[in-house]
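Going by the working numbering, the first residue of the sequence shown is number 1, and it counts up by one from there.
A virtual CB, placed ideally from N, CA and C, is assigned to each residue, including glycine.
Presented below is the structure to which this report refers.
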Amino acid sequence: MFDAIAATGNRVSFENKNATITVLPNSHIALTFDDEKETPVVVSRMQIEKGLGKTVLPIRKTPEPDCKWQEVSRIDLNEFKRRSAYYEELRRVTKKNGVGGVKIRKAVISRVSRELGDANPPSPATLARWAQRSNGHSKGIASTLVSPRRRRSSSFSQEVQDYARAKIDDYYLQLGKPTVQYAYDCFTEDFKADFDGSVKRPCRETFRKWIRQIDPIEVIHCREGRRAAKAADRNAARKVRVDRIHERVEADAANLAIGLLDSEGRYIGTVTLFAVLDCFSRSVLGLFIKVGRGEDSASVIESYKHAICPKLPEDLPEEVESDWPMYGVFEKITIDGGPGYVADRSMAFVINAGSQYEIVETYAGWRKPFVERFFQTLRNSFAKSLRGYCGKYTDNSNLDATIKEKAVMTLPEFRSALFKWVVDEYHHMPHRGLDGDTPYRVWQSQAQTFPPFVPADMEELKLIKGEVKFCTISGSQGIHHNGRSYNDTPKRLTSIGNRLRALGKEPVVRVEYTHSNIQSVNVVDPFTDEIFEACVKDWRIPVGMTEAEFQVKRQPHYKDKGATGPRATKSSRTVKDANQAHDARMKEVGPRSANRIEPDKLFDEVQRLRKEGLHGLENSKTQPGSVNTRTYQPTDTDYQNDEVYEDD
Numbered sequence: 001m002f003d004a005i006a007a008t009g010n011r012v013s014f015e016n017k018n019a020t021i022t023v024l025p026n027s028h029i030a031l032t033f034d035d036e037k038e039t040p041v042v043v044s045r046m047q048i049e050k051g052l053g054k055t056v057l058p059i060r061k062t063p064e065p066d067c068k069w070q071e072v073s074r075i076d077l078n079e080f081k082r083r084s085a086y087y088e089e090l091r092r093v094t095k096k097n098g099v100g101g102v103k104i105r106k107a108v109i110s111r112v113s114r115e116l117g118d119a120n121p122p123s124p125a126t127l128a129r130w131a132q133r134s135n136g137h138s139k140g141i142a143s144t145l146v147s148p149r150r151r152r153s154s155s156f157s158q159e160v161q162d163y164a165r166a167k168i169d170d171y172y173l174q175l176g177k178p179t180v181q182y183a184y185d186c187f188t189e190d191f192k193a194d195f196d197g198s199v200k201r202p203c204r205e206t207f208r209k210w211i212r213q214i215d216p217i218e219v220i221h222c223r224e225g226r227r228a229a230k231a232a233d234r235n236a237a238r239k240v241r242v243d244r245i246h247e248r249v250e251a252d253a254a255n256l257a258i259g260l261l262d263s264e265g266r267y268i269g270t271v272t273l274f275a276v277l278d279c280f281s282r283s284v285l286g287l288f289i290k291v292g293r294g295e296d297s298a299s300v301i302e303s304y305k306h307a308i309c310p311k312l313p314e315d316l317p318e319e320v321e322s323d324w325p326m327y328g329v330f331e332k333i334t335i336d337g338g339p340g341y342v343a344d345r346s347m348a349f350v351i352n353a354g355s356q357y358e359i360v361e362t363y364a365g366w367r368k369p370f371v372e373r374f375f376q377t378l379r380n381s382f383a384k385s386l387r388g389y390c391g392k393y394t395d396n397s398n399l400d401a402t403i404k405e406k407a408v409m410t411l412p413e414f415r416s417a418l419f420k421w422v423v424d425e426y427h428h429m430p431h432r433g434l435d436g437d438t439p440y441r442v443w444q445s446q447a448q449t450f451p452p453f454v455p456a457d458m459e460e461l462k463l464i465k466g467e468v469k470f471c472t473i474s475g476s477q478g479i480h481h482n483g484r485s486y487n488d489t490p491k492r493l494t495s496i497g498n499r500l501r502a503l504g505k506e507p508v509v510r511v512e513y514t515h516s517n518i519q520s521v522n523v524v525d526p527f528t529d530e531i532f533e534a535c536v537k538d539w540r541i542p543v544g545m546t547e548a549e550f551q552v553k554r555q556p557h558y559k560d561k562g563a564t565g566p567r568a569t570k571s572s573r574t575v576k577d578a579n580q581a582h583d584a585r586m587k588e589v590g591p592r593s594a595n596r597i598e599p600d601k602l603f604d605e606v607q608r609l610r611k612e613g614l615h616g617l618e619n620s621k622t623q624p625g626s627v628n629t630r631t632y633q634p635t636d637t638d639y640q641n642d643e644v645y646e647d648d
């Protein structure tokens with residue numbers, strides 16, 4: 001594998017630093033780092049071969065300087081699929097990194113546009129520009145989506161196009177396989193009757209072009225029946241041919257009826273396994289274990305990251321003996337229409353990693369035959385060896401015990417057993433689809449010719465998480481998410497919140513998280529778009545704790561709903577005696593409310609006080625119980641001085 005990457009100009013990641021290779025005599029190479037502050041180093045062939053897959057990782061040539069995460073809309077995803085079809089066909093008929101001549105490109109455009117039913121195919125010059133940009137870019141054909149696409153508008157109104165498609169349904173998509181000429185003749189007669197002479201009628205070739213835009217399987221279904229369409233779909237799946245590793249991988253998820261417990265023996269749920277399989281070598285590129293049923297984008301992205309990143313020995317369970325050399329960016333990944341796989345963030349992750357995708361129908365296992373066969377082998381060889389496995393969910397009604405009652409393994413124990421089976425058994429077992437060879441040997445042989453690559457922005461892709469929400473910064477307390485508080489040590493969250501408030505904005509930030517590890521979340525700085533980590537403030541939540549484990553852990557430990565425990569104070573003799581003494585004292589004191597006075601007595605009392613007040617005004621001294629209302633005027637004797645003072 002050293003000879004495959006030891007070429008001047010090739011790119012590698014050496015100890016997490018991107019560098020360019022320069023070949024030297026005596027099987028030595030010089031590494032010039034992208035960071036000019038780093039001093040170039042010279043390494044030997046032995047050092048390179050020893051560090052391959054660990055400290056030395058090949059990367060694609062000439063990566064673009066801007067490798068930030070690219071948000072991809074649904075329109076971009078459709079355009080990405082369209083351009084990929086032209087680009088892949090051009091790569092198939094030309095030499096490596098070539099664009100072909102004009103005749104070749106015209107033939108490619110004609111063939112692909114006919115298969116896709118593309119009404120606006122690219123020109124030969126446009127296809128050449130796509131190929132030139134994709135060949136030298138780490139993101140492949142996705143790099144051409146940056147500039148907006150100009151589309152030619154149809155010369156026919158939307159009303160005419162809708163009318164023509166309705167007539168195609170009436171006259172062409174019918175049993176008996178009517179010809180295009182018959183459908184067009186019927187369309188012409190109806191068009192003359194329904195439109196006046198001022199509306200332009202589409203010609204026969206335009207009518208045929210609109211027919212080609214319909215899904216071929218749907219055409220067969222309408223013209224030949226459901227059974228013929230299903231047979232054609234199966235035949236299309238049998239034509240899958242792969243010539244090298246990473247050319248095609250398949251991804252899918254499967255539910256295993258085996259219950260898991262947490263570290264304290266509480267039941268947390270069943271297993272959903274996400275797998276990424278290389279179709280040429282039948283090797284497992286990536287696995288991810290989720291507690292609970294359902295496919296979510298966060299779990300899908302975690303399986304993609306596990307497939308692309310190298311598996312270091314220290315990352316594997318202790319009981320695993322062999323190594324796991326399968327990793328790298330795949331050229332195309334085949335997925336079904338599951339909600340987690342077709343989510344925008346999952347598909348955007350594939351595009352940003354430099355790969356392409358192909359979506360097939362859900363519940364059509366023959367369209368993903370390799371990964372479906374792998375799951376069947378996993379159930380028969382691995383899952384059935386576990387006493388707690390209850391078979392498929394359709395067989396659960398025949399069980400003597402429930403999944404919860406048969407649960408005995410924790411999540412780390414199940415992960416250790418699964419990885420042990422994949423790495424030490426499955427990869428080293430003879431495979432019938434490989435003519436008796438093993439996935440491990442086939443991968444090692446292919447990796448010498450087609451070395452695996454990692455994305456130039458691999459470290460940034462590792463930070464991507466599938467779930468997104470917006471949280472409010474609560475002063476110096478950080479953010480609150482799912483009943484937990486998160487904050488960062490440098491107090492960057494607090495600084496961002498204060499800055500947003502100073503600008504008159506709400507202190508809201510974008511937060512990315514996953515249910516597989518709730519110990520930390522990623523926060524996007526709204527001013528710099530940088531991603532930084534915020535950790536949970538609860539020290540009882542370790543690294544790697546799942547959401548299912550946390551929810552089970554914080555459940556109440558008492559059985560009677562609403563009761564928190566016995567009240568010992570209520571039955572205390574001392575408390576009872578004190579309460580009785582208090583009640584007796586209150587009876588002795590009596591009520592504190594004032595006695596009501598009759599109106600006549602109240603009037604007589606007021607008259608008496610008035611008389612005493614008038615009598616007090618005549619005397620220099622105020623009688624006790626009366627109020628003196630005279631204004632006080634100080635005299636000279638009050639100052640103990642007979643002199644006259646001027647007013648201030």
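In DSSP terms, what residue 649 is bridged to:
Here the chain covers residues 1 to 648 and nothing more, so residue 649 does not appear.
Whose C-alpha, out of 82, 47 and 135, is nearest the C-alpha of residue 122?
For the residues 82, 47 and 135, the minimum Cα distance to residue 122 belongs to 82.
Is the distance from the Cβ of residue 311 to the Cβ of residue 323 below 9 Å?
At a Cβ-Cβ threshold of 9 Å, residue 311 and residue 323 count as neighbours.
Hey, residue 276 and residue 286: beta-carbon distance below 9 Å or not?
Closer than 9 Å, so yes.
Taking the runs of the beta strand (DSSP E) that are 3 residues or longer, which of them lie wholly in the segment 162-224?
Those beta strand (DSSP E) runs which fall completely within the segment 162-224 and span 3+ residues do not exist here.
Cβ of residue 493 within 9 Å of Cβ of residue 468?
Cβ distance not < 9 Å, so residue 493 and residue 468 don't count as in contact.
Counting beta carbon pairs with one atom in the segment 240-252 and one in the segment 217-232, are three or more of them shorter than 8 Å?
Touching, no, given that fewer than three Cβ pairs across the two stretches are closer than 8 Å.
Between residue 30 and the rest of its own chain, which residues show a CB-CB distance below 7 Å, the 5 nearest in sequence each way excluded?
So the list reads 22, 24, 40 and 42, once near-sequence residues are dropped.
Using the three-state DSSP reduction, which class does residue 18 fall into: helix, strand or coil?
Residue 18 falls in the strand class under three-state DSSP.
Counted within 10 angstroms of its Cβ, other Cβ atoms place residue 343 as buried (16 or more) or exposed
Buried, because 16 or more other Cβ atoms sit within 10 Å of the Cβ of residue 343.
Taking the continuous beta strand (DSSP E) assigned at residue 289, which residues delimit it?
It spans 284-291 - the beta strand (DSSP E) in which residue 289 sits, taken as one unbroken run.
Do you know how far the Cα of residue 429 is from the Cα of residue 51?
The alpha-carbon separation between residue 51 and residue 429 amounts to approximately 27 Å.
Using only the alpha-carbon positions, how far apart do residue 358 and residue 85 sit?
A direct Cα-to-Cα measurement between residue 358 and residue 85 gives close to 10 Å.
What residues match up with residue 270 in a beta bridge as DSSP calls it?
Beta-bridge pairing links residue 270 to no other residue.
Assuming residue 246 contacts residue 330 (C-beta within less than 8 Å), just tell me the rounded distance between them.
Yes, residue 246 and residue 330 are in contact; Cβ-Cβ is about 5 Å, under 8 Å.
Just reading off the beta strand (DSSP E) that residue 467 is part of, what are its end residues?
Per DSSP, residue 467 belongs to the beta strand (DSSP E) from 467-472.
Ignoring anything shorter than 3 residues, give me the beta strand (DSSP E) runs that lie fully in the segment 291-358, in order along the chain.
The segment 291-358 contains these whole beta strand (DSSP E) runs: 332-335.
Please name the residue or residues paired with residue 457 in a DSSP beta bridge.
Paired residue(s): none; residue 457 is not in a bridge.
Going by DSSP, which residues form a beta bridge with residue 431?
None, per the DSSP bridge assignment.
Straight-line Cα distance separating residue 101 from residue 130:
So the alpha carbons of these two residues sit roughly 14 Å apart.
Where DSSP assigns a beta bridge to residue 450, which residues make up the other side?
According to DSSP, residue pairing for residue 450 in a beta bridge does not occur.
So, is residue 670 buried or exposed, given that buried needs 16 or more other C-beta atoms within 10 angstroms?
Missing from the structure shown is residue 670; the chain here goes from 1 to 648 and no further.
Measuring CB to CB, does residue 411 end up less than 9 Å from residue 549?
Less than 9 Å separates the beta-carbon of residue 411 from that of residue 549.
Excluding the 5 residues flanking residue 442 on each side, which residues of the same chain have their C-beta closer than 6 Å to its C-beta?
Once the five neighbours on either side are set aside, the close Cβ partners of residue 442 are 281 and 434.
CB-CB under 6 Å to residue 356, same chain, minus the five flanking residues each way: which ones, in chain order?
The residues are 84 and 332.
Across the segment 479-488 and the segment 444-452, are there enough close Cβ pairs to call them in contact, namely three or more that are closer than 8 Å?
In the pairwise beta carbon analysis, the segment 479-488 is classified as not touching the segment 444-452: fewer than three pairs are separated by under 8 Å.
Neighbourhood of residue 350 by C-beta, 8 Å cutoff - its chain only, sequence neighbours within 5 removed
Here the set comprises 304, 333, 356 and 357.
Alpha carbons only, please: which of 318, 352, 181 and 379 is nearest the one belonging to residue 271?
Ranking the options by Cα distance to residue 271, first place goes to 379.
For residue 410, does the three-state DSSP call read helix, strand or coil?
Correct three-state label for residue 410: strand.
For residue 602, count the other beta carbons within 10 Å of its own beta carbon; 16 or more makes it buried, fewer makes it exposed. Which is it?
Under this definition residue 602 is an exposed residue.
In chain order, what residues of the same chain have a beta carbon less than 8 Å from the beta carbon of residue 459, not counting five sequence neighbours either side?
Within the same chain, Cβ atoms closer than 8 Å to the Cβ of residue 459 are found at 16, the five residues on either side in sequence being excluded.
Among 480, 133 and 261, the one whose alpha carbon lies nearest that of residue 388
Closest option to residue 388, Cα to Cα, is 261.
Three-way DSSP call (helix, strand, coil) for residue 142 in this model
Reduced to three states, the DSSP call for residue 142 is helix.
Integer Cβ distance of residue 544 from residue 300, believed to fall under 8 Å
No, residue 544 and residue 300 are not in contact; Cβ-Cβ is about 19 Å, not under 8 Å.
C-beta contact flag for residue 320 and residue 426 at 9 Å:
Contact: no.
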